[in-house]
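Below you'll find the structure, written out as structure tokens, and then a few comments.
Numbering (this note's numbering), first residue to last: 7 to 124.
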């Protein structure tokens, strides 16, 4: 798959609530995930097993999810980015809208890294 095809597929799956399926299908086994800072989630996560645990940790802290949106991807060579908005309430916190920029690198037909800015 090309970078455009992978980006389009990721957006389609995520818009249809299939975020975990997107990871299983499109991520390389040794993917690296980078957060902007250490907090609830680790700053850097390596490998699919760790990515799954990171997702479980995040979901375990969500009180309620009210919706969200994801932009069309912007492609630049082996990279693509999307803007992702989420309307949610974390446990013990007020409802809020998260806005983040997600940047992905593609190599050999798989996403090998993801980095988030928020």
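The beta-carbon is built from N, C-alpha and C at its ideal position, and this holds for glycine as well.
These numbers were taken from a predicted model, which means no experiment stands behind them.
Mind checking who residue i pairs with in its DSSP beta bridge?
{"i": "residue 74", "result": "92"}
{"i": "residue 86", "result": "81, 110"}
{"i": "residue 122", "result": "108"}
{"i": "residue 38", "result": "52, 119"}
{"i": "residue 21", "result": "DSSP, once it has assigned bridges, lists no residue as partnering residue 21."}
{"i": "residue 14", "result": "For residue 14, which the question treats as bridged, DSSP gives no partner whatsoever."}
{"i": "residue 102", "result": "94"}
Determine the burial state of residue i: buried for a count of at least 16 other Cβ atoms within 10 Å of its Cβ, exposed for fewer.
{"i": "residue 112", "result": "buried"}
{"i": "residue 79", "result": "buried"}
{"i": "residue 33", "result": "buried"}
{"i": "residue 16", "result": "buried"}
For residue i, would you say it is in contact with chain C, using Cβ-to-Cβ distances shorter than 7 Å as the test?
{"i": "residue 48", "result": "Included in the structure is just one protein chain, with no chain C present."}
Is it true that the CB of residue j sits closer than 7 Å to the CB of residue i?
{"i": "residue 46", "j": "residue 60", "result": "no"}
{"i": "residue 117", "j": "residue 10", "result": "no"}
{"i": "residue 110", "j": "residue 86", "result": "yes"}
{"i": "residue 115", "j": "residue 91", "result": "no"}
{"i": "residue 65", "j": "residue 94", "result": "no"}
{"i": "residue 24", "j": "residue 38", "result": "no"}
{"i": "residue 26", "j": "residue 19", "result": "no"}
Roughly how far, in whole angstroms, is the beta-carbon of residue i from the beta-carbon of residue j, given that I think they are within contact range, below 8 Å?
{"i": "residue 54", "j": "residue 35", "result": "5 Å"}
{"i": "residue 99", "j": "residue 108", "result": "No, residue 99 and residue 108 are not in contact; Cβ-Cβ is about 22 Å, not under 8 Å."}
{"i": "residue 49", "j": "residue 40", "result": "7 Å"}
Closest by CA to residue i, which one among the options?
{"i": "residue 77", "options": "106, 31, 62, 96", "result": "106"}
{"i": "residue 31", "options": "84, 13, 63", "result": "13"}
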